[in-house]
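Protein chains in written order, with our numbering: chain A, 1 to 392; chain B, 1001 to 1310. First the structure, in the form of structure tokens, and then the observations on it.
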Ligand SMILES: Nc1ncnc2c1ncn2[C@@H]1O[C@H](COP(=O)(O)OP(=O)(O)OP(=O)(O)O)[C@@H](O)[C@H]1O
Ligand SMILES: Nc1ncnc2c1ncn2[C@@H]1O[C@H](COP(=O)(O)OP(=O)(O)O)[C@@H](O)[C@H]1O
Ligand SMILES: [Mg+2]
Ligand SMILES: [Mg+2]
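Here is the structure:
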């Protein structure tokens, strides 16, 4: 069925030399990584020098892109068609490694070692909800600063909410640069600026706070945190500043956001939040990629009629093999038509609220996408603007 | 504990399981920890406060209670319980300590959440019996669940003495006991099944009891096609005409290509089933409800869970 919406044209987007960053976002499992990889490959095969930053690719997809080692630097992807003069690099984000690298780059070796060995740092860098988002932003900033590629395609972490990608870095940044962590540091540098701040809270407040924390966290943990904070001292301010800088990069005219969603209620609800949020942040939305859409070339035969026809065949006195097979195929078709109707209904709800968001539909392939051929097939569909072409 | 890859149906299955376990005269508690009000949405009620309240009667006649744990409130409860410090909440919040403890400090949040669940598990009612016969938790996704459940081992190591240390050990005893089971929800697709296999390995390595897998959203198999080789286009066209369809010619190609896709999908699902079988765990199944999960659908899933061996 035709959509009333403007189609999303991805080829002009990725061909445009002014497009420098494409961010694929959306809720978990909808196809962000697949879309990012497919667009990167297509852009490279159309002549651009591209790097794709993937976050958590399916194992076989990673292998097919030559991402077998996690070394946190972009590697050339073998097997691509370079006749148009393009190149493709890909990397898989290693969040801990990225965090370690920031520490190493901003502290002298002895201090860096102290931080890296600190148990509190180790837990923080391995696991804080938001570390992955922060490090994805950080890596994006690094790749952009290197200026070695003319297009960066970014995948985003499998957050429970697509908005985490925008919010988590600032949350972590403001924690690392914030008041509380300075307060923890106070005993380590009594009389310093932070110390004076604490004094202003009143002595009663201070002893209540550190005393309570000592009891709750255990003094050993509190000591780890304090040592960590003291060692990180030189880096304070930097986290927030860098998170802010990357945030501005995302608002720049060379950036385009693609919101990826499956035609399901929850995924489209997330997509709608994201679209609204991007508008509020004045971040440039290119459009919605509706992925894993079911289509049918026989859509003029509805589910009800297909089922009725199947029953007619099955109830024939002397049903032949062909009758039984045809009945089976009609039932498969009825199932497909039901799904199609559901998906259309869900999509219509999104369209009603966001009629001006350009959309491109990518059909559900019968198999997972785990090689360059599969990515090319997705790329082809991403560039077709007539919406409802069936597959194969 | 119900975990699984994101979006596979953890919340739905946890809720259905809580309903299923509520036999006549029994009580179950359904707990959520991610602050998303998924339970309220499923049961079509207003947002749950941080308080255990009855939300349903299971198909077996027992009562289902629900609790949405709020990490911040849980922290204040703890401060009050262990240190009579509930009143310090405001001061702590002002300087960002509460934020630190509940969102940033690695693991602390998880300690609070698992602690609260274990408290409910061990609680006694006025008659001296268990307050709840079963506690079902909508746990974090597979990628995080082992760390979440094992956090108390980590904490017992970090905070080497003191009440937190003892509390952490007590929680681990409950979680590692034979009374706990971590069930993993999956779909018959490659990534969720892979994640399930990885999750089972991690849970086992951490000594946490794995229950079984729940294959969710199983689509109807439509065996007739799988069993029959696809017909020749002419034969198909003739059969469609016999069925009274006038546009038979135009339908053969689409029906055949959809049939091929269906066969491919069945083969893929069979491969994933084999992968799951290799885990050597009980497998339960729930069908894809074509119109999504409303309250009636949830009860249907609960009855289907009851009908399977546990
Ligand atoms: N058996 C089923 N049949 C049809 N739809 C289902 C079924 N199980 C779950 N769903 C639907 O799938 C979606 C995801 O389910 P649910 O929210 O339970 O997943 P989850 O694993 O808790 O997700 P998250 O990782 O986001 O917490 C919901 O829209 C739910 O209604
Ligand atoms: N259009 C499609 N057709 C078939 N399978 C798809 C399609 N898009 C994605 N997939 C599959 O869905 C799974 C999840 O995709 P992925 O890109 O990893 O999602 P995300 O990055 O959003 O979590 C992968 O196994 C992928 O191969
Ligand atoms: Mg991904
Ligand atoms: Mg959930």
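We put the CB at the ideal spot given by N, CA and C, even for glycine.
- Residues of the region 1261 to 1290 of chain B whose Cβ lies closer than 7 Å to any Cβ of chain A, in chain order: 1261, 1262, 1264, 1265, 1268 and 1290.
- 8 Å or more divides the Cβ of residue 1213 of chain B from the Cβ of residue 1145 of chain B.
- Under DSSP, residue 354 of chain A takes part in no beta bridge, so it has no partner.
- Burial is judged here by how many other beta carbons sit within 10 angstroms of a residue's own beta carbon; residue 1055 of chain B has at least 16 and is buried.
- Along the region 289 to 305 of chain A, going in chain order, the ones with a CB nearer than 9 Å to a CB of chain B are 296, 297, 298, 299, 300, 301 and 305.
- Counting along the chain, residue 1051 of chain B sits inside no alpha helix (DSSP H), nor does DSSP assign it H or E at all.
- In the structure shown, the three-state DSSP call for residue 254 of chain A is coil.
- Taking 4 residues as the minimum length, the alpha helix (DSSP H) runs contained wholly in the region 1197 to 1280 of chain B are 1223 to 1227, 1233 to 1242 and 1248 to 1277, in order along the chain.
- Taking a cut-off of 8 Å on C-beta distances, the region 324 to 337 of chain A touches the region 1249 to 1256 of chain B, as three or more cross pairs fall below it.
- Of the other Cβ atoms in all chains shown, fewer than 16 fall within 10 Å of the Cβ of residue 1025 of chain B; this residue is therefore exposed.
- For residue 1298 of chain B, the closest Cβ of chain A is not nearer than 8 Å.
- If you compare the alpha carbons of A/126, A/123 and A/103 with that of residue 115 of chain A, the shortest gap goes to A/103.
- Relative to the Cα of residue 18 of chain A, the nearest Cα in the group A/27, A/302, A/277 and A/49 belongs to A/49.
- In the structure shown, residue 143 of chain A adopts helical secondary structure according to DSSP, grouped into three states.
- Here residue 263 of chain A carries a coil assignment [DSSP, helix/strand/coil].
- The beta carbons of residue 95 of chain A and residue 137 of chain A sit about 11 Å from each other, so the pair does not count as a contact at 8 Å.
- For residue 312 of chain A, the nearest beta carbon of chain B is closer than 8 Å to its own beta carbon.
- Residue 1191 of chain B belongs to the set of residues whose beta carbon lies under 8 Å from a beta carbon in chain A.
- For residue 34 of chain A, the enclosing alpha helix (DSSP H) starts and ends at 32 to 45.
- Contact with chain A is absent for residue 1049 of chain B, since none of that chain's Cβ atoms lies less than 8 Å from the residue's Cβ.
- Legend: CB atoms of the region 50 to 62 of chain A lying less than 7 Å from CB atoms of chain B belong to residues 58 and 59.
- The beta carbon of residue 1127 of chain B does not come within 8 Å of any beta carbon belonging to chain A, so the residue lies off that interface.
- Within the same chain, and ignoring the five residues on either side of residue 1116 of chain B in sequence, the residues whose Cβ sits closer than 6 Å to its Cβ are 1069 and 1074.
- When C-beta atoms of the region 278 to 294 of chain A are compared with those of the region 306 to 314 of chain A, fewer than three pairs fall below 8 Å, so the two segments do not count as touching.
- Look at residue 1294 of chain B: its C-beta is not under 8 Å from any C-beta on chain A.
- Pairing residue 61 of chain A with residue 1092 of chain B, the inter-Cα distance amounts to about 47 Å.
- Counting only runs of 3 or more residues that sit fully inside the region 264 to 308 of chain A, the beta strand (DSSP E) segments are 285 to 293, in chain order.
- Comparing alpha carbon positions, the residue from A/10, A/27, A/20 and A/23 closest to residue 1008 of chain B is A/27.
- Short of 7 Å from the beta carbon of residue 1245 of chain B, and not among the five residues preceding or following it, lie these beta carbons of its own chain, in chain order: 1251.
- Counting only residues whose CB is nearer than 7 Å to a non-hydrogen atom of ligand 2, the list in chain order is A/26, A/28, A/29, A/30, A/31, A/32, A/33, A/34, A/35, A/56, A/57, A/58, A/61, A/155, A/158, A/260, A/291, A/292, A/362, A/363, A/364, A/365, A/367, A/368, A/369, A/370, A/378, B/1189, B/1190 and B/1191.
- Taking the Cα positions, residue 21 of chain A is about 25 Å away from residue 355 of chain A.
- Set against 7 Å, the gap from the CB of residue 263 of chain A to the closest heavy atom of ligand 1 is not smaller.
- Annotation: residue 267 of chain A to residue 1006 of chain B spans about 12 Å, alpha carbon to alpha carbon.
- Residue 1295 of chain B has its CB no nearer than 7 Å to any heavy atom of ligand 1.
- With respect to residue 1021 of chain B, residue 1066 of chain B sits apart: the two C-beta atoms are not nearer than 8 Å.
- Ordered along the chain, residues surrounding ligand 4 are B/1010, B/1011, B/1034, B/1036, B/1038 and B/1138 [Cβ under 7 Å from any heavy atom].
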